[in-house]
Structures are given as C-alpha cells and as structure tokens.
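In my numbering, the protein residues as written are 992 to 1418.
For reference, the structure discussed in these notes is given below.
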Ligand SMILES: NC(=O)c1ccc[n+]([C@@H]2O[C@H](COP(=O)([O-])OP(=O)(O)OC[C@H]3O[C@@H](n4cnc5c(N)ncnc54)[C@H](OP(=O)(O)O)[C@@H]3O)[C@@H](O)[C@H]2O)c1
C-alpha cells in the first residue's frame, strides 16, 4: 500500500492510542504531532518530533492527512479550516467542533476536494457512523436512539447497584471515566453534540446543539432506580434523533432530537447496556431495527475508530476524485430541533405528598383535566405525615404534562415533586 504522510494535533488519551496502533501500520507515517506543552511527562512517545506550533503541520505540503485529536471548539475549528484550505484530508474524533461548525467545515471540504472522516466522534469504538453512512446506504434512516455517553451509563449502572449519584460520580472520576467538571456528560451536552452529528449523517442536516432539548441525570435518585426496576424498567440517559415528530400524528413537525433520562423496559436491548458501554438502535425503512453495543470511549477503542478511518482513507487516496465518495450528503444549513411540548410518551412520576384523605383523587382530577390517563398509581412509604405516590401514565403530550405539573406544584398536599421521567416509546 502506498505511503501516506500524517500530521496529528493532540497526544492525549486518544492520540496516544493512535500512536500505539499506527506502529503496526507502517505505510501510515506520522511526521509530526502538535501538543500544548513539550514539558509534559507522557506514557508513550511517537518516533516523530513533537511541536507546539500547529502551523508546522498545516503548512507542510508533504502531510496529506490531518488527524485531529486535541478536542474542543477553539482554536480547533480554525486549524481544521486552515488544513482543509491547504487540501489536507481530515480525520477527527471531535463531536463538539462538528456539531457547532459541521455545515461550514463540510462545505469547505467539498469546495477543496478533500474528505472529512469522523467515525471516532460518536460512540468511540463502535462502528456506528460507517454503518449508517455506508452499510445502511440503501435505507431511509427513520430513527437513531441510544446510550451515547459511557460516563453517565457507568454512573447509572452503579446507582442501580445502590450507590448515590454523588458516590457513583466520584467513582467515575476516580477511575478516569468522568472529568473533574462533569457538566458536559451529566447534563447531556456531550450526547447533544453526538446527536447533531448523527442527524447530519442520518437525515442530511446537522442540528444546532443549542436547540436540542437536554435533561441530564443529576436529579435521578437511587429511589427512582429502585422503583423503575420494580415496574420492569431501567433508567438510562437516552439520546434520540428521529426524522419526524413523535406525537403520533402524520404531520411532520421537524427533527425530533433530544437527550433525557428514560425508563427503558428491561427486555429492550438498550436496558442491558451496562457500565461505560454505548448501545445504539438504528431503524432503517428496509433493514428494520439494528442494535450496536460496545465501548464508547477509551484510548484503544477510540483509536481503533481513528486508525480505521485512516486505513479507509489511505486505501482510496490515490483513486481519482475519491473524496466525493466519502463526502456525506449534508445540507449547508443546520436544522433546529422541535421543542419538547409536542412529543408524546408515557411518564413515570414520583410525588411526595402530605398523607391526607383524598389526595389520590385530587391528583386523578388534575391529570384528567390535562388529558392525562393514568395506567398505574401506588402509594408508598408513609413516613410520619408524608407518603410517596408513584404514577405511570399512558401517552401524554409534553405540554399537557407540563401544565399538570405546574398545577400540582400549587397544591397544598404536594410536599415535593420527586421526579418526572419519560418512559421509552419507539421514535
Ligand atoms: N477520550 C476518549 O475516550 C474519547 C472518546 C471519543 C472521542 N474523544 C474525542 O477525542 C478528542 C481528544 O480527546 P482526548 O481524551 O484524547 O483529550 P486529551 O487527553 O485531553 O488530549 C488532548 C491533547 O490535545 C493537546 N492540545 C490541547 N490543546 C492544544 C493546542 N492548542 N495545540 C496543540 N495541542 C493541544 C494536548 O496537549 P498536551 O498533551 O500537551 O496537554 C493533548 O495532548 C476530543 O475531541 C474528544 O471529544 C475522546
């Protein structure tokens, strides 16, 4: 195979894994790696020089492919733009920069006849993007739903085993699964970026990350986990990207893209995805439903996706006009996600109420007024003057649930609204 010369930005977790895997693929020659600091102690060093001057890589005409594994939005986006303008192909693991600047970067790549590969940006070692882009090319993709963040899945799995959210988060941080500032993971931002990338591949439009509904896992308690299990569910942080609306009507109300905790039936394949793994269900009109499960992050799994992209690219590099073959059909304008009010799904509710006569009837009346039909209601744990009421509903429109909860919050009998979590409904 012909020799391909690479430059890389970043030598952290993923970059180190890439160096390790590249040692077995000598035709992929790493010429230089840019890092932030030359003084850092490193677990592995490439045989090529390091630099802190990214221009040395971008302006080197011998380097044909830029591997971007430094992450973040800035200055990364400007480095990528400069490299594309110098007609370098890009292999990146960076979902944030793609979600925020994808339309511009892909348009620029088309203009300059280069390809952008990004398998590692979603679901780490799971070959999800190539499956959607090439393996399912004959399909109209209907929906992509999954556990796309290993950190939160690890935390939720540990909570299921009886740990508090705080203890489970601390363990994830101690083991290196979670950052010191876990916001991007636990509040759903990371999943939103990945959904934007998935929507681009599946439906042809990046979805603006700030329009995506994000609800994280900070409010989930061990009690919710235990109650969910009792009713035959497991709580997972699910990301969903679907082409149409999920309100059950035939009217298309736009892209349905969202991140929120979800009660997943125990028999559903996503319920069995445990620890730091990812699991994704893709639905195509011809193939039906396909489930992929595997490591969504980590040094070697993520490097496996990066180096897989490099090998794919290297194999085609000398073919005429090969880049157009790898350019996904992505529109230049990003789309917006539909607001949550029109989604329809069942809900799980945990309410803490004052233990006075007639409370259940009053809750039933409020729900009835807002078109909410209850499938199960139980009263639990009467302690002193308070009781926990757990309710499962049939399908409810988000706006009706919001209105009912607003009314409940003003009721004297409500001590606190414990939690309101959506129950899985196929998108
Ligand atoms: N970690 C995973 O499991 C995983 C999984 C999937 C995708 N990703 C994505 O892969 C990318 C890299 O993640 P990572 O975990 O490997 O990050 P990381 O461990 O923090 O490494 C970042 C690397 O980039 C270098 N860097 C930072 N700013 C730089 C700058 N301005 N100029 C040159 N180099 C700079 C750092 O240099 P120093 O070494 O000198 O600090 C470091 O080597 C991110 O986009 C991430 O979202 C990661």
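Where is the CB? At the ideal position from N, CA and C, for every residue including glycine.
If you're wondering where the values come from, they're calculated on a predicted model, not measured in any experiment.
Going straight from the alpha carbon of residue i to that of residue j, what length do you get?
i: residue 1404; j: residue 1178; result: 31 Å
i: residue 1038; j: residue 1136; result: 41 Å
i: residue 1067; j: residue 1079; result: 15 Å
i: residue 1160; j: residue 1267; result: 12 Å
i: residue 1218; j: residue 1285; result: 27 Å
i: residue 1162; j: residue 1148; result: 12 Å
i: residue 1276; j: residue 1125; result: 15 Å
i: residue 1141; j: residue 1282; result: 16 Å
i: residue 1209; j: residue 1409; result: 13 Å
i: residue 1199; j: residue 1329; result: 11 Å
i: residue 1355; j: residue 1234; result: 34 Å
i: residue 1183; j: residue 1087; result: 9 Å
i: residue 1207; j: residue 1139; result: 13 Å
i: residue 1373; j: residue 1152; result: 24 Å
i: residue 1279; j: residue 1202; result: 29 Å
i: residue 1195; j: residue 1321; result: 4 Å
i: residue 1035; j: residue 1089; result: 28 Å
i: residue 1261; j: residue 1346; result: 37 Å
i: residue 1257; j: residue 1212; result: 18 Å
i: residue 1434; j: residue 1164; result: Outside the modelled stretch of the chain, which goes from 992 to 1418, sits residue 1434, for which no answer is possible.
i: residue 1377; j: residue 1398; result: 20 Å
i: residue 992; j: residue 1306; result: 7 Å
i: residue 1225; j: residue 1254; result: 5 Å
i: residue 1240; j: residue 1004; result: The predicted model places residue 1240 with a pLDDT of 46, which falls under 50 and marks its position as unreliable; any figure quoted below should be read in that light. Roughly 45 Å separates the two Cα atoms.
i: residue 1042; j: residue 1032; result: 15 Å
i: residue 1101; j: residue 1248; result: 26 Å
i: residue 1415; j: residue 1361; result: 21 Å
i: residue 1022; j: residue 1040; result: 7 Å
i: residue 1176; j: residue 1143; result: 7 Å
i: residue 1027; j: residue 1083; result: 18 Å
i: residue 1106; j: residue 1318; result: 6 Å
i: residue 1185; j: residue 1272; result: 14 Å
i: residue 1417; j: residue 1371; result: 30 Å
i: residue 1243; j: residue 1323; result: Residue placement at residue 1243 is flagged as unreliable, the pLDDT there being 45, under the threshold of 50; a coordinate-derived value is accordingly withheld.
i: residue 1131; j: residue 1114; result: 21 Å
i: residue 1336; j: residue 1358; result: 15 Å
i: residue 1099; j: residue 1075; result: 7 Å
i: residue 1426; j: residue 1401; result: Nothing in the structure corresponds to residue 1426, since the chain is present only between 992 and 1418.
i: residue 1020; j: residue 1081; result: 15 Å
i: residue 1047; j: residue 1085; result: 21 Å
i: residue 1157; j: residue 1077; result: 47 Å
Tell me, to the nearest whole angstrom, how far the beta carbon of residue i is from that of residue j; I am working on the premise that it is less than 8 Å.
i: residue 998; j: residue 1044; result: Not confirmed; about 11 Å, so no contact.
i: residue 1297; j: residue 1111; result: 5 Å
i: residue 1325; j: residue 1222; result: Rounded, the Cβ-Cβ distance is 38 Å, inconsistent with contact.
i: residue 1388; j: residue 1333; result: 7 Å
i: residue 1384; j: residue 1364; result: 7 Å
i: residue 1205; j: residue 1180; result: 7 Å
i: residue 1368; j: residue 1215; result: Contact doesn't hold; Cβ gap of about 16 Å is too wide.
i: residue 1304; j: residue 1108; result: 6 Å
i: residue 1289; j: residue 1269; result: Not confirmed; about 11 Å, so no contact.
i: residue 1104; j: residue 1232; result: No, residue 1104 and residue 1232 are not in contact; Cβ-Cβ is about 29 Å, not under 8 Å.
i: residue 1251; j: residue 1229; result: 7 Å
i: residue 1073; j: residue 1049; result: 5 Å
i: residue 1010; j: residue 1060; result: In fact, because the Cβ distance is near 10 Å, the residues do not count as touching under 8 Å.
i: residue 1071; j: residue 1295; result: Incorrect: roughly 22 Å between the Cβ atoms, too far for contact.
i: residue 1133; j: residue 1017; result: With a Cβ gap of about 43 Å, residue 1133 and residue 1017 do not count as contacting.
Just to check, is the beta-carbon of residue i closer than 7 Å to a non-hydrogen atom of ligand 2?
i: residue 1292; result: For the structure depicted, ligand 2 is absent and the ligand set comprises only ligand 1.
Quick one: what's residue i bridged to in DSSP?
i: residue 1227; result: 1253
i: residue 1280; result: 1274
i: residue 1368; result: 1382
i: residue 1285; result: 1269
i: residue 1339; result: 1383, 1412
i: residue 1163; result: Paired residue(s): none; residue 1163 is not in a bridge.
i: residue 1202; result: Paired residues: none, contrary to the question.
i: residue 1059; result: 1000, 1083
i: residue 1138; result: 1270
i: residue 1117; result: DSSP output for residue 1117 lists no bridge partner at all.
Checklist entry - At a cut of 8 Å, does the segment 1379 to 1397 reach the segment 1338 to 1348 through at least three beta carbon pairs? => result yes
Checklist entry - So does the segment 1181 to 1194 actually touch the segment 1159 to 1172, counting three or more Cβ pairs closer than 8 Å? => result no
Next on the checklist: If contact is defined by three or more beta carbon pairs under 8 Å, each pair taking one atom from either stretch, is the segment 1091 to 1102 in contact with the segment 1116 to 1124?
Outcome noted: no
Item to check | the segment 998 to 1007 / the segment 1061 to 1077 touching (three or more Cβ pairs under 8 Å) | outcome: yes
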